[in-house]
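Everything on this sheet refers to the single structure shown next.
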Amino acid sequence: MSELHLPWVELSILVPIVGAIWVSMLNNRDRARTHSIVFCSLTLIFAAGEWCDFASLGTFEAHDQWDVFRYLLDRDIFVIDELSAPLLPLAALLYLATVLTTLRTKINRFSFGWTLFSESILLATLACRHPWLIILLLTVATIPPFIELRKRNQNTRVFTLHMGLFVLLLVSGQLLVSSDASAANPPILAGCLLTAGALIRSGICPLHCWMTDLFEKATFGTALLFLMPMTGAYAVMRLVFPIAPSWALQSIAILSLATAVYAAGMALVQKDSRRFFCYLFLSHSSLVLVGLEMAKPIGLAGALCVWLSVGISILGFGLALRSVEARTGRLTLDVFHGLYEHTPFLAGMFLVTGLAAIGFPGTIGFIGMELLIEGAVEVYPLIGMAVVVAATLNGIAVVKAYFHIFTGTRHRASVSLGCRPAERITILIMVVLIIGAGIVPQPGVQSRYHAARALLEHRLEVDDQPQNTEAAESQAVAAEGANPFKSLDNLNSSNVLTTSVLQTIGQHNSTVTENRKQ
Numbered sequence: 001m002s003e004l005h006l007p008w009v010e011l012s013i014l015v016p017i018v019g020a021i022w023v024s025m026l027n028n029r030d031r032a033r034t035h036s037i038v039f040c041s042l043t044l045i046f047a048a049g050e051w052c053d054f055a056s057l058g059t060f061e062a063h064d065q066w067d068v069f070r071y072l073l074d075r076d077i078f079v080i081d082e083l084s085a086p087l088l089p090l091a092a093l094l095y096l097a098t099v100l101t102t103l104r105t106k107i108n109r110f111s112f113g114w115t116l117f118s119e120s121i122l123l124a125t126l127a128c129r130h131p132w133l134i135i136l137l138l139t140v141a142t143i144p145p146f147i148e149l150r151k152r153n154q155n156t157r158v159f160t161l162h163m164g165l166f167v168l169l170l171v172s173g174q175l176l177v178s179s180d181a182s183a184a185n186p187p188i189l190a191g192c193l194l195t196a197g198a199l200i201r202s203g204i205c206p207l208h209c210w211m212t213d214l215f216e217k218a219t220f221g222t223a224l225l226f227l228m229p230m231t232g233a234y235a236v237m238r239l240v241f242p243i244a245p246s247w248a249l250q251s252i253a254i255l256s257l258a259t260a261v262y263a264a265g266m267a268l269v270q271k272d273s274r275r276f277f278c279y280l281f282l283s284h285s286s287l288v289l290v291g292l293e294m295a296k297p298i299g300l301a302g303a304l305c306v307w308l309s310v311g312i313s314i315l316g317f318g319l320a321l322r323s324v325e326a327r328t329g330r331l332t333l334d335v336f337h338g339l340y341e342h343t344p345f346l347a348g349m350f351l352v353t354g355l356a357a358i359g360f361p362g363t364i365g366f367i368g369m370e371l372l373i374e375g376a377v378e379v380y381p382l383i384g385m386a387v388v389v390a391a392t393l394n395g396i397a398v399v400k401a402y403f404h405i406f407t408g409t410r411h412r413a414s415v416s417l418g419c420r421p422a423e424r425i426t427i428l429i430m431v432v433l434i435i436g437a438g439i440v441p442q443p444g445v446q447s448r449y450h451a452a453r454a455l456l457e458h459r460l461e462v463d464d465q466p467q468n469t470e471a472a473e474s475q476a477v478a479a480e481g482a483n484p485f486k487s488l489d490n491l492n493s494s495n496v497l498t499t500s501v502l503q504t505i506g507q508h509n510s511t512v513t514e515n516r517k518q
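Written out as structure tokens, the structure is:
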């Protein structure tokens, strides 16, 4: 197995743990916030270094240089691959942006120590591929939200019931998985239990009420940090994807597609801003699951692209809504608030990130959503159009919420509601990522397509007799060294790029060869 040049992963996990211990000993909340920003920034630097180092190796998987756990336990505990490599810096960015945008009016309600602890657990989860350790880390990750709910004297029954069932199903399912389990020899009962547990964590309908309950009872920041990393989807990819047959994965995709449409419709009619955001996020995370479970190169590549784009755009959207709420209190969407004159930067961030989430042209989510739609239609010619319906409803909901929050009347305030410097920095980072990745999307799309193809090939290597013809064709393409993105190097328009991507990826080897000659 290849080695990174430095122990980036272990440093990324260790720094937040040290920060959590240090911050918990500070009595001054302002100092705790400042030190938390420093620790989160260091974590982001190490996580970004891990991604860049891994990309330079050109391999499917790698572990740290001077791996302490490998020396102590004689096995690789933390291993990154093409699926998890970009997820670590994305998770680190999520925590840094959340801490940066936490205003002083909210620092007494927001626990910085538990936040850093949660960040360390999340990064360890994303860097781990051992099933039992993943289940353990996912279980530990439920502790900070539970403690916060108890401190706020909120009823924890709904959260405890769903998370307890989630853990029970994962443990029961993993106990039934045999050592020779694969997609060709699937353990049906174990796969069903693991799938049910992962779908509960993902909030798939009808077991999604714990998500709205968490947003209503916990702080916005804690709920955001618990849901945004989409660890349920990660559990599906690590625990279910390697052992489930194609028909089972596509059944999960149909259930996720129904949830995406349902959540988009619910977001359209919500009157509470937090419930609106919860359903909007649920719709987009379900769309990610749709692509992940197609077991096709195009759909899986689209899902991996949407995973990153949703992680950035919905994060910015949620932070904008959280910042507005910190100034005015909880918002209702049945009246107009007219906050644009007071918070124009937040209004711009709200609209840009919301449109990027639905795949607006020129933004980070555009090509990923196009690939996801193409993959869905390829597998389900009629049902796949539901992806378009969900995206349309989400777009209407975003614009409707923008009008209700920022327009319609003149808001009178006795104090300044303008953006703070930390919020301006966060807005700038989000806009650069969203627009930059939309203008120059080829590196990200090519990386995610290569990751999708490698994941499908790795899944086939476990099987004695591959049954997925599309994945077998993808394996043949890889053996010939085909690069379907070669013809995209000189394209500047996002629309032309999307058309070329869909044409080149979807064609067979003969068509690719003919296009090269032309």
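Residues in the sequence shown are numbered from 1 upward in steps of one, following my numbering. All C-beta atoms, glycine included, are put in the ideal place defined by N, C-alpha and C. Owing to the predicted nature of the structure, the values given are computational and were not obtained by experimental measurement.
Query - Test item: CB-CB of Ala397 and Ala267 under 8 Å - result: yes
Requested in this report: Count the other C-beta atoms from every protein chain shown that fall within 10 angstroms of the C-beta of Ser56, then say buried if there are 16 or more, exposed otherwise.
Outcome: exposed
Report task. Count the C-beta pairs between the stretch 195-210 and the stretch 150-166 that are closer than 8 Å, then say yes if the count reaches three, no if not. Result -> yes
Report task. For the beta strand (DSSP E) containing Val79, list its first residue and its last residue. Result -> Where Val79 is concerned, the enclosing beta strand (DSSP E) stretches over 79-81.
Query - Run of the alpha helix (DSSP H) containing Glu293, from where it starts to where it stops - result: Judged by DSSP secondary structure, Glu293 falls outside any alpha helix (DSSP H); it is assigned neither H nor E.
Query raised in the report: Can you pull the DSSP bridge partners for His520?
Result: Because residue 520 is not part of the residues shown, which for the chain are 1 to 518, the question remains open.
Report task. Using three-state DSSP, classify Leu371 as helix, strand or coil. Result -> helix
**Report entry** Contacts around Leu346, its chain only, beta-carbon distance under 7 Å, and the 5 residues preceding and following it disregarded
**Finding:** Ala320, Ser323, Val324, Cys419
**Report entry** CB-CB length for Phe336 against Gly408, believed under 8 Å
**Finding:** 3 Å
Query - Pairwise C-alpha distance: Ala62 and Arg410 - result: 56 Å
**Report entry** Assumed close pair Glu216, Ile252 - CB separation to whole angstroms, cut-off 8 Å
**Finding:** Not quite, the Cβ-Cβ distance comes to about 28 Å (not below 8 Å), so this is no contact.
Query raised in the report: From Arg31 to Leu44, what distance separates their C-alpha atoms?
Result: 20 Å
Report task. Could you round the C-beta distance between Leu455 and Leu83 to whole angstroms and report it? I think they count as a contact, below 8 Å. Result -> 6 Å
Query raised in the report: What does a CB cutoff of less than 7 Å around Trp210 pick up in its chain, not counting 5 residues either side in sequence?
Result: Val158, Phe159, His162
**Report entry** Spatial distance of Ile434 from Ser178 (CA atoms)
**Finding:** 43 Å
Query raised in the report: In chain order, what residues of the same chain lie with their CB nearer than 7 Å to the CB of Phe281, ignoring the 5 residues before and after it?
Result: Leu227, Ile314
Report task. Please find out if some non-hydrogen atom of the ligand MN comes closer than 7 Å to the beta-carbon of Asp53. Result -> Absent from the structure shown: the ligand MN. Ligands present: none.
Query raised in the report: Taking all protein chains shown into account, do 16 or more other C-beta atoms lie within 10 angstroms of the C-beta of Val432, making it buried, or fewer, making it exposed?
Result: exposed
Query raised in the report: Among the residues of its own chain, which have a CB less than 6 Å from the CB of Leu122, if the five just before and after it don't count?
Result: Ala91, Pro229
Report task. Quick one: measure Cβ to Cβ for Ile254 and Ile383, integer angstroms, because I've assumed they're closer than 8 Å. Result -> 7 Å
Query raised in the report: Run through DSSP, which three-state label would Cys305 get?
Result: helix
Report task. Within the same chain, show all residues whose beta-carbon is closer than 6 Å to that of Tyr95, passing over the 5 residues directly before and after it, in chain order. Result -> Cys40, Glu119
Query - Outcome for Val18 when other beta-carbon atoms lying within 10 angstroms are tallied against a minimum of 16 - result: exposed
Requested in this report: Would you identify the three-state DSSP class for Thr102, choosing helix, strand or coil?
Outcome: coil
Query raised in the report: Any chance the stretch 259-273 sits against the stretch 299-314, with 3 or more Cβ pairs inside 8 Å?
Result: no
Query raised in the report: Using the beta-carbon count (16 or more within 10 Å), is Ser447 buried or exposed?
Result: With 16 or more other Cβ atoms inside 10 Å of its own Cβ, Ser447 counts as buried.
Query raised in the report: Mind checking Lys151: buried by the 16 CB within 10 Å criterion, or exposed?
Result: exposed
Query raised in the report: For Glu271, which of Leu239, Ile367, Lys400, Val379 has the nearest alpha-carbon?
Result: First, the residue type needs correcting, since residue 271 is Lys and not Glu in the sequence shown. Ranking Leu239, Ile367, Lys400, Val379 by Cα distance to Lys271 puts Lys400 first.
Query - Bounding residues of the alpha helix (DSSP H) (the contiguous stretch that carries Ala218) - result: Per DSSP, Ala218 lies in no alpha helix (DSSP H) segment and is marked neither H nor E.
Query - With 16 other Cβ atoms within 10 Å as the buried cut-off, status of Phe350 - result: It is buried - the Cβ of Phe350 has at least 16 other Cβ atoms within 10 Å.
Query - Cross-strand partners of Thr332 (DSSP beta bridge) - result: Asp272
Report task. Return the chain-ordered list of same chain residues with a C-beta closer than 6 Å to the C-beta of Leu14, the five sequence neighbours on each side being excluded. Result -> Closer than 6 Å at Cβ, skipping near neighbours: no residue.
Requested in this report: Report all residues from its chain with a CB closer than 6 Å to the CB of Phe46; omit the five preceding and five following residues, and keep chain order.
Outcome: Trp8, Leu11, Ser12
Query - Check whether Ala85 and Trp51 have beta carbons under 8 Å apart - result: yes
Query - DSSP bridge partner residues for Cys40 (one or two, in chain order) - result: Cys40 is not bridged to any residue.
Query raised in the report: Is Phe403 closer than 8 Å to Ala357 when the C-beta atoms are compared?
Result: no
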